[in-house]
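Report on the following structure.
Number of protein chains: 2
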Amino acid sequence: MSLKLFELVGTDAERPFSPYCWRTRMALAHKGLTAESIPWRFTEKAAVAAHGSEKVPVMLDGDRAVADSWAIANYLEDSYPDRPSLFGGAGGRAMARFMNAWGDIAVVGGIFPMIIADIPNNLAAEDADYFRTSREARFGKRLEEVMASRDQAVTGFRKSLEPLRQTLKTQAFIGGDAPDYADYIVFGGFQWARVVSPFLLLEESDSIHAWRERLLDAFDGLARKSPGHPV
Amino acid sequence: MSLKLFELVGTDAERPFSPYCWRTRMALAHKGLTAESIPWRFTEKAAVAAHGSEKVPVMLDGDRAVADSWAIANYLEDSYPDRPSLFGGAGGRAMARFMNAWGDIAVVGGIFPMIIADIPNNLAAEDADYFRTSREARFGKRLEEVMASRDQAVTGFRKSLEPLRQTLKTQAFIGGDAPDYADYIVFGGFQWARVVSPFLLLEESDSIHAWRERLLDAFDGLARKSPGHPV
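Chains as they are written, first to last, in the UniProt record's numbering: chain A, 1 to 231; chain B, 1 to 231.
Structural data, given as structure tokens:
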């Protein structure tokens with residue numbers, strides 16, 4: 001049971017920032033597992049290609065490689081069934097697939113344009129060049145132009161989180177009284193932003209702000225102890 | 001075990017149309033239960049006030065009244081634990097709270113402006129007046145004005161369903177291989193639209209269209225047999 005996890009970092013190897021890697025970090029902690037972190041940078045394609053992936057997270061469990069945060073969560077749930085469940089049953093696992101898509105689209109997709117030009121500040125020159133070139137091609141404009149309207153965009157982003165806000169009216173976590181993988185899916189996006197950008201995504205009065213605080217405190221402050229900006 | 005369900009109807013008592021009542025109808029079928037339908041119209045406030053509610057669905061189980069589709073689903077799950085589960089475990093039940101909010105906001109809230117002026121066509125004069133007056137006050141404009149841009153609005157609505165579309169890439173239902181309450185939450189909105197409006201919400205090539213077909217066929221065609229427009 002020797003786990004290793006490739007995690008996206010920039011100049012600071014102690015500052016992993018990928019939203020997907022954070023989903024996995026939180027999932028590992030939920031299962032009471034630890035993994036040796038292997039810092040990985042955008043331009044180190046060969047290191048993960050050796051394990052059949054183009055991206056991180058990639059988790060190694062002995063000789064076996066598992067790529068993609070969703071696949072890793074399922075692998076952990078199946079491989080460690082006696083430890084706390086990430087999904088709370090078959091229905092939760094199936095619905096978490098939807099949460100994963102909502103997290104990708106509404107949360108990661110919603111946050112990205114608001115922090116995109118802050119990201120290169122965390123990267124070494126070679127990685128910053130790669131990031132800028134590939135993302136500017138994707139958006140068809142300069143990173144700074146993508147991010148220019150974030151003070152307006154954040155209003156729409158906060159509104160798009162309304163289903164989560166409604167959920168938190170009657171329960172502390174998406175997973176109910178305690179967090180589960182559905183929470184980590186969404187939290188990963190917020191932790192990513194916290195690590196790389198000073199931009200304030202949430203108002204302090206927002207119940208989602210309080211939910212994020214609870215997750216920053218989870219597992220003895222695992223996420224809060226990781227370097228980041230004030231949120 | 002004598003169940004009765006107040007269901008919103010218009011001029012045709014055999015044509016229940018509330019998205020929330022349809023969530024309950026599907027949940028009852030999932031549990032293999034039948035309930036005597038009590039047709040209820042917008043202006044019949046006294047009939048449900050007698051059971052402590054202002055709205056439908058209200059379900060009566062003998063002397064006990066349960067109001068609100070979410071409360072009813074939980075009541076059914078707890079009261080009939082030996083029948084097929086609506087949530088597939090505690091994690092599914094917790095996450096379904098989020099699905100319920102997403103269904104309310106993205107699906108019911110997204111569909112409403114696109115079918116709003118069609119709804120009075122299904123109502124008797126008194127109910128149509130009530131509906132028009134109350135909803136025009138809510139939107140601050142005439143129903144026809146709210147609905148005027150639906151040919152454009154439907155594009156944004158279809159886009160907003162992307163998390164569901166992504167989910168259906170790897171599983172047949174939000175509940176996994178078979179539908180569960182998470183599916184009925186979302187489906188209720190589509191069935192509501194189908195019953196009251198000829199407006200086409202989905203393109204035939206959309207995987208969500210195929211998912212809706214499967215739910216129209218579920219439980220021996222329960223939803224498809226209910227009168228509605230072609231979809």
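By construction, the Cβ of each residue, glycine as well, lies at the ideal position given by its N, Cα and C atoms.
Span separating the alpha-carbon of residue i from that of residue j
i, j, result
"A:Arg93", "B:Arg132", "42 Å"
"B:Leu201", "A:Leu222", "45 Å"
"B:Trp211", "B:Asp127", "33 Å"
"A:Leu123", "A:Thr11", "5 Å"
"A:Ala177", "A:Leu168", "Residue identity check: residue 177 of chain A is Asp in the sequence provided, not Ala. Going from the Cα of A:Asp177 to the Cα of A:Leu168 covers about 10 Å."
"A:Val231", "A:Tyr20", "20 Å"
"A:Gly189", "A:Asp183", "10 Å"
"A:Glu204", "A:Pro198", "15 Å"
"B:Ala65", "A:Leu5", "52 Å"
"B:Phe219", "A:Leu215", "41 Å"
"A:Thr170", "B:Gly89", "18 Å"
"A:Ser69", "A:Pro16", "15 Å"
"A:Ala141", "B:Gly91", "The sequence given here has Lys at residue 141 of chain A, not Ala. Distance between the alpha carbons of A:Lys141 and B:Gly91: 42 Å."
"A:Phe139", "B:Lys225", "47 Å"
"A:Asp63", "A:Val9", "24 Å"
"B:Asp206", "B:Ala46", "42 Å"
"B:Phe87", "A:Thr155", "33 Å"
"A:Ala125", "A:Val107", "28 Å"
When the options are compared against residue i, the one with the closest alpha-carbon
i, options, result
"A:Trp40", "A:Val56, A:Gly189, A:Ala182", "A:Val56"
"A:Thr24", "A:Tyr75, A:Glu54, A:Glu44", "A:Tyr75"
"B:Pro179", "B:Trp192, B:Ala49, B:Thr34, B:Pro84", "B:Pro84"
"A:Arg150", "A:Gln191, A:Lys141, A:Phe112", "A:Phe112"
"B:Asp61", "B:Lys45, B:Met95, B:Gly88, B:Leu3", "B:Leu3"
"B:Ala67", "B:Val108, B:Asn121, B:Ala50", "B:Ala50"
"A:Met147", "A:Gln166, A:Ala125, A:Pro120, A:Gln171", "A:Pro120"
"B:Ala13", "B:Asp82, B:Ser37, B:Asp206", "B:Ser37"
"A:Val58", "A:Ser18, A:Ala29, A:Tyr80, A:Thr155", "A:Ser18"
"B:Ala172", "A:Phe98, A:Gly140, A:Phe139, A:Ser226", "A:Phe98"
"A:Gly32", "A:Phe139, A:Ser79, A:Glu7, A:Glu54", "A:Ser79"
"B:His30", "B:Ala73, B:Phe139, B:Val48", "B:Ala73"
"B:Ser53", "B:Glu7, B:Phe87, B:Pro81, B:Leu28", "B:Glu7"
"A:Gln152", "A:Ala101, A:Phe139, A:Asp118, A:Met114", "A:Met114"
"B:Gln166", "A:Asp104, A:Gln166, A:Asp118", "A:Asp104"
Contact set for residue i: own chain, Cβ-Cβ below 7 Å, skip 5 residues either direction
i, result
"A:Gly110", "Phe157, Ser160"
"A:Gly228", "Arg194, Val195"
"B:Arg135", "Ile116, Leu143"
"B:Tyr130", "Phe42, Thr43"
"B:Glu162", "none"
Within chain B, the residues that residue i reaches when beta carbons sit closer than 7 Å
i, result
"A:Leu215", "By Cβ distance, chain B contributes nothing, its closest Cβ being about 15 Å from A:Leu215, past 7 Å."
"A:Arg97", "Thr167, Thr170, Gln171"
"A:Asp180", "Gly91"
"A:Trp22", "Result: empty, since nearest Cβ-Cβ is about 19 Å, beyond 7 Å."
"A:Ala211", "It should be pointed out that residue 211 of chain A corresponds to Trp in this sequence rather than to Ala. Simply none; closest approach about 12 Å."
"A:Ala128", "Simply none; closest approach about 30 Å."
Residue-chain proximity (residue i, chain E), Cβ-Cβ < 7 Å
i, result
"A:Trp70", "Protein chains in the displayed structure are A and B, and chain E is not among them."
First and last residue of the uninterrupted alpha helix (DSSP H) at residue i
i, result
"A:Ile111", "109-115"
"A:Ala223", "207-225"
"B:Lys159", "150-160"
"B:Phe131", "125-139"
"B:Asp183", "181-196"
"A:Lys45", "45-49"
"A:Val56", "Careful: A:Val56 lies outside any alpha helix (DSSP H) and carries neither H nor E."
First and last residue of the uninterrupted beta strand (DSSP E) at residue i
i, result
"A:Arg93", "Note, A:Arg93: premise wrong, no beta strand (DSSP E); alpha helix (DSSP H) at 90-102."
"B:Pro39", "35-40"
"A:Asp177", "No beta strand (DSSP E) holds A:Asp177; DSSP gives it neither H nor E."
"B:Arg66", "The residue asked about is misnamed: residue 66 of chain B is Val in this sequence, not Arg. It spans 64-67 - the beta strand (DSSP E) in which B:Val66 sits, taken as one unbroken run."
"A:Glu7", "3-8"
Chain-ordered chain A contacts of residue i [CB-CB under 7 Å]
i, result
"B:Phe87", "Gly91"
"B:Glu77", "What B:Glu77 touches in chain A: nothing, since even the nearest Cβ is about 11 Å away."
"B:Trp192", "Simply none; closest approach about 19 Å."
Same chain, Cβ closer than 8 Å to residue i, five either side skipped, listed in chain order
i, result
"A:Leu164", "Ile174, Val186, Ile208, Trp211"
"A:Met95", "Ala182"
"A:Leu28", "Leu3, Leu5, Thr34, Ala35, Leu76"
"A:Asp217", "Arg224"
"A:Val48", "Phe6, Trp40, Glu54, Lys55, Val56, Val58, Ala67"
"B:Ala71", "none"
Neighbouring residues, chain B, relative to residue i (Cβ below 9 Å)
i, result
"A:Ile174", "Ala94, Met95, Arg97, Phe98"
"A:Ile185", "Result: empty, since nearest Cβ-Cβ is about 10 Å, beyond 9 Å."
"A:Ile105", "Glu162, Pro163, Gln166"
Listed by chain order, chain A residues near residue i by CB distance under 8 Å
i, result
"residue 248 of chain B", "The question about residue 248 of chain B has no answer, for chain B in this structure spans 1 to 231."
Residues near residue i by beta carbon distance below 6 Å, same chain, minus five either side
i, result
"A:Gln191", "Trp22, Ala223"
Neighbouring residues, chain B, relative to residue i (Cβ below 8 Å)
i, result
"A:Pro81", "The contacting residues do not exist; A:Pro81 stays about 13 Å from chain B at best."
Contacts of residue i in chain A (Cβ-Cβ under 9 Å)
i, result
"B:Ala153", "None at all; the shortest Cβ gap to chain A is about 16 Å."
Residue i Cβ short of 6 Å to the ligand FMN heavy atom set
i, result
"B:Val146", "Of ligands this structure carries none, so the ligand FMN is not represented either."
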